[in-house]
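Below: the structure, in C-alpha cells.
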Ligand code: ADP
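Residue numbers (our numbering): 62 to 791.
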C-alpha cells in the first residue's frame with residue numbers, strides 16, 4: 062500500500078474515533094443531567110421525611126402524655142369504684158373464667174370470718190367446701206355434699222338463677238351471679254334477712270286472717286241455717302192462716318207476715334250461700350239435667366212480674382245445641398234466676414231475651430255453653446260495671462233506688478260460675494239496656510243430638526203470627542228445622558190474607574190492633590176450621606175469653622221446643638178433616654198418683670193445701686215403713702219424701718225402694734223434702750237413691766214444677782198451665 066493510502070486510512074480511522082468520543086461525551090453529559098435531577102428529587106424527599114419524623118415525634122410525645130393521664134384517670138376510677146364496692150353492705154366478688162376469685166369486698170369476705178384460704182385466687186369449689194366444713198352455711202335438709210353439688214351445678218349454668226341461702230346465724234343471703242362475655246362472673250350476696258322475716262310475718266298474719274274469715278263465714282252459715290228452720294214455721298203457718306176465713310184486715314196482716322217472711326228468707330238464703338262459698342263449704346252436685354227446661358222453669362216463676370209490666374220474655378235456644386248436660390241444676394237455676402230476675406226487675410218496657418249458644422264437641426262429650434240475658438232496661442253507668450259484682454254493691458242513683466235487693470245476687474252468681482270453671486261478663490249502655498252473660502264448660506248428658514221430633518202427617522205449612530220480630534224469627538227457625546213450611550205475619554190483618562194452604566196457625570195472643578183470639582174468631586168467620594194454637598203470656602186470662610173456644614190449645618209462652626213439638630203432635634187428629642176446633646185431651650188418662658211421706662200432721666196439712674189445685678191422687682205415709690208398703694200397693698208415679706221420720710227415715714226408705722226396683726225394674730222419681738241446707742247433708746240424701754231435693758219451707762211453685770216435670774205420659778197433666786200462672790201471680 063502506498064503511503065498516501067496509509068495516511069488516508071489512518072485519517073479515516075482517527076475521524077471515526079473522534080466521532081465515537083463525541084458520542085460518548087454526549088451520553089455522559091445526559092447521564093450526568095439525569096443524575097443531577099434524581100439527586101435534587103432525593104434531596105426534597107429527605108427534607109419532607111425529616112419534617113414528618115419531627116411531626117411524629119411531637120405526636121408521640123402528646124399521645125404518651127395523654128396515655129399517662131388516661132391511666133391515671135383509670136386508676137382513680139378503679140380506686141373509687143373499689144372504694145364504693147367496699148362500702149356497700151352487700152357482698153361483692155368477681156371471678157375469672159377459671160372460677161378463681163379475682164377480688165371480693167370486705168362484706169363478702171366477712172361471711173367467712175377471716176378464713177385464710179378465702180382470698181383472691183381461691184377456687185369457687187374451695188369456697189363451697191369451706192362454707193360447709195366450717196359450718197358457715199345451713200344446708201337444711203341437704204347433706205353438705207348434696208348442697209355443694211347443687212351449688213356447683215348452678216354455678217356452671219350459663220346464667221345461674223338467683224338462690225337464697227341461710228347462714229348459721231339465721232341470716233338469709235340471696236346470691237345473684239352474672240356471667241360476662243369472657244366467662245368472668247360477678248357475684249352479689251344480698252342480705253335479705255329482713256324481707257324474709259317480714260314475709261314470714263305476713264304469711265302467718267294472712268293465714269290467721271283467712272282462718273278468722275272462714276270461722277266467721279262458718280258461723281254465719283250455721284246461723285242462717287238455724288234461722289231457716291223457725292222461718293219455715295212462720296211462713297208455712299202464715300200461708301195456712303190465709304185460708305181460714307179471716308176478715309179483710311186480718312188477711313192483710315197475715316199476708317204482710319207471709320211476704321215479709323219470704324223476703325227475709327231470700328236474704329237469709331243469700332247470706333247462707335255467700336257464707337258457704339266464703340267458708341269453702343259450697344260444693345256442686347253434678348247430675349244430668351235439661352238446660353232448656355231449667356231456663357223455662359225460671360221464666361215460669363218470673364211470669365207474674367213480666368205480665369204486670371207487659372214485658373216480652375223470649376228464649377232463643379240454639380237449634381243445634383243439645384239440651385241435656387251434666388251440671389248442678391240447682392245452682393244453674395240460681396244463677397239464671399238472679400240474672401233473668403234482675404233483667405226483669407230493671408226493665409220497665411221492651412223485652413228480656415235469653416239466648417243460649419255453644420258448640421258441642423260430641424267426640425269428647427263436652428260443650429262450652431254461653432247463656433246471655435239481654436234486656437232493654439235502665440242499663441248501668443260505665444264506671445259501675447265492675448262495682449256491681451262486689452258484695453252488697455248496687456248502683457246508687459235515682460233510677461236504681463226504687464228497686465229493692467241485697468246486692469249479693471251478682472256476687473254469688475259470679476262465684477258460682479267460677480266454681481263451675483266458667484266466666485261471667487256484662488256489657489251495658491246506660492239508659493238503653495244490659496246484657497249479662499256467662500259461659501260454662503259442661504259434660505254432655507247424652508252424646509246424641511236431640512232426636513228429630515215426629516211431625517204429624519198432613520202438617521206441612523204453618524202460619525206464625527206475632528208482632529215481635531224476634532219471636533217470629535225464633536219460631537220460624539224452630540219449625541223449619543223440623544221440615545215445616547212457615548209463613549210469618551206481623552199482624553192479624555195480614556194473617557187473614559195468608560190462610561190459603563195453611564195446615565195450622567200459631568198465633569201470639571197480645572198484638573196491637575186485633576189480638577190472637579180476635580184473629581181466631583175472624584178465621585172461623587171465614588168458614589175455615591184450620592187448627593189454631595194460641596201462645597199467651599197470660600193463659601188464665603186467655604182461657605176465660607169467649608174467643609178461647611175457637612183455638613185448639615192455649616200455651617204459656619215462651620215454651621220449650623220439646624213442648625211445642627209435642628203440641629204439634631196433638632194437632633195430628635185434627636188435620637185433614639179440620640172439623641172440630643175444640644181442645645183435645647186424652648179422656649181416658651188417669652190421675653197422677655203422688656205419695657207424700659211426712660210424719661208431722663201440720664206439715665201434711667201444709668202440703669195438702671199446697672197441692673189443692675192440682676188434679677192428683679194424693680196419699681200420705683207417716684213413716685218410712687209405710688212409704689215402702691204404699692210404694693208397692695199404691696204404685697205412685699212419684700214420691701215426695703221427708704227425711705227425718707220415725708221407724709224408718711227417708712233415706713232408708715229410698716234405699717229400700719231402689720233395692721225392690723232392682724228386681725221389679727223401673728225407677729220412681731223421689732224428691733226429698735228437707736230442712737237441711739248445709740253441704741254434706743244433701744250428699745247423703747242423693748247417695749241414698751233420691752233423685753231431687755227441695756229445701757223447706759216448701760213453696761207451691763217448686764212443688765207444682767216438680768209435679769209437672771215428673772208426671773208420666775200416661776197420666777193426665779196434674780196442672781193446667783193457667784193454674785200455675787195463677788198460683789205464681791197469687
Ligand atoms: P240486687 O239485685 O239484689 O241489688 P245484684 O247483685 O243482683 O243485687 O245486683 C247488683 C246491682 O247491679 C243492682 O242493684 C243493680 O244496680 C245492678 N244490676 C244488676 N242487673 C242489672 C240489670 N239487668 N240492669 C241494670 N242494672 C243491673
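Cβ atoms here follow ideal geometry from the backbone N, Cα and C, with glycine treated the same way.
- Reference residue 159; option with closest CA among 700, 561, 244: 244
- Item | Exposure of residue 581, with buried meaning 16 or more beta-carbon neighbours within 10 Å | buried
- Item | Delimiting residues of the beta strand (DSSP E) encompassing residue 777 | Careful: residue 777 lies outside any beta strand (DSSP E) and carries neither H nor E.
- Query: How should residue 374 be labelled, buried or exposed, when 16 other C-beta atoms within 10 angstroms of its C-beta is the threshold for buried?
  - Reply: buried
- Query: In whole angstroms, what separates the C-alpha of residue 569 from that of residue 410?
  - Reply: 18 Å
- Assign residue 217 to one of two classes, buried (16 or more other C-beta atoms within 10 Å of its C-beta) or exposed (fewer than that). exposed
- Query: In whole angstroms, what separates the C-alpha of residue 766 from that of residue 261?
  - Reply: 55 Å
- DSSP state of residue 62 mapped onto helix, strand, coil: coil
- Item | Assigned secondary structure, residue 381 (DSSP; H/G/I helix, E/B strand, else coil) | Correct three-state label for residue 381: coil.
- Task: Would you list the one or two residues that DSSP bridges to residue 677?
- Result: 653
- Item | Extent of the continuous alpha helix (DSSP H) run through residue 668 | 662-671
- Starting from residue 206, follow the alpha helix (DSSP H) in both directions and report where the run begins and ends. 205-216
- Under the rule that 16 or more other beta-carbon atoms within 10 Å means buried, what is residue 173, buried or exposed? buried
- Hey, residue 192 and residue 331: beta-carbon distance below 8 Å or not? Cβ atoms of residue 192 and residue 331: not closer than 8 Å.
- Message: Beta-carbon within less than 7 Å of residue 396's beta-carbon, same chain only, minus the 5 sequence neighbours each way: which residues are those?
- Response: In its chain, beyond the 5 residues on either side, 474, 477, 478, 499 have a beta carbon closer than 7 Å to the beta carbon of residue 396.
- Task: With a threshold of 7 Å, establish whether the CB of residue 439 neighbours any heavy atom of the ligand ADP.
- Result: yes
- Of the listed residues 516, 380, 365, nearest to residue 626 (C-alpha basis): 516
- Query: If we ignore side chains and look at the alpha-carbon of each, how far apart do residue 723 and residue 700 end up?
  - Reply: Computed Cα separation, rounded: 18 Å.
- Taking only the alpha-carbon atoms, compute the straight-line gap between residue 791 and residue 360 and give it to the nearest angstrom. Residue placement at residue 791 is poorly supported in this model, since its pLDDT is 38, which falls under 50; the coordinates still yield a value, given next. Computed Cα separation, rounded: 16 Å.
- Go ahead and pull the three-state DSSP assignment for residue 626. helix
- Going straight from the alpha carbon of residue 592 to that of residue 520, what length do you get? 11 Å
- Taking just the CA atoms, how far does residue 334 sit from residue 344? 11 Å
- Query: Given that a residue counts as buried once 16 or more other Cβ atoms are within 10 Å of its Cβ, and exposed if not, what is residue 139?
  - Reply: exposed
- Message: Quick check: does the Cβ of residue 414 come within less than 7 Å of any heavy atom belonging to the ligand ADP?
- Response: False, no ligand heavy atom lies under 7 Å from that Cβ.
- Message: For residue 441, which residues in the same chain have their Cβ closer than 8 Å to its Cβ, ignoring the five residues on either side in sequence?
- Response: 449, 456, 487, 489, 491, 495
- Query: Excluding sequence positions up to five away, which residues of its chain have a Cβ less than 8 Å from the Cβ of residue 689?
  - Reply: 709, 714, 717, 718, 721
- Message: Between residue 495 and the ligand PLP, is there a pair consisting of the residue's CB and a ligand heavy atom that are separated by less than 7 Å?
- Response: No copy of the ligand PLP appears in this structure; the ligands present are the ligand ADP.
- Query: For residue 63, is the classification buried or exposed, using 16 other Cβ atoms within 10 angstroms of its Cβ as the cut-off for buried?
  - Reply: exposed
- State the Cα-Cα distance for the pair residue 453 and residue 467, rounded to the nearest angstrom. 6 Å
- Task: With a floor of 4 residues, list each alpha helix (DSSP H) that falls wholly inside the stretch 577-625, ordered by position along the chain.
- Result: 577-586, 600-604
- Please name the residue or residues paired with residue 247 in a DSSP beta bridge. 155, 239
- Beta-carbon spacing of residue 387, residue 484 below 8 Å: no
- Message: If distances are taken between C-alpha atoms only, which option among 666, 597, 124 comes closest to residue 364?
- Response: 597
- Query: With burial defined as no fewer than 16 other Cβ atoms inside 10 Å of the residue's Cβ, what is the status of residue 126: buried or exposed?
  - Reply: exposed
- Message: On the DSSP letters alone, give me the boundaries of the beta strand (DSSP E) that residue 391 sits inside.
- Response: No beta strand (DSSP E) holds residue 391; the alpha helix (DSSP H) holding it covers 390-406.
- Touch check for the stretch 291-309 and the stretch 241-259: three-plus C-beta pairs under 8 Å? Segments in contact, no.
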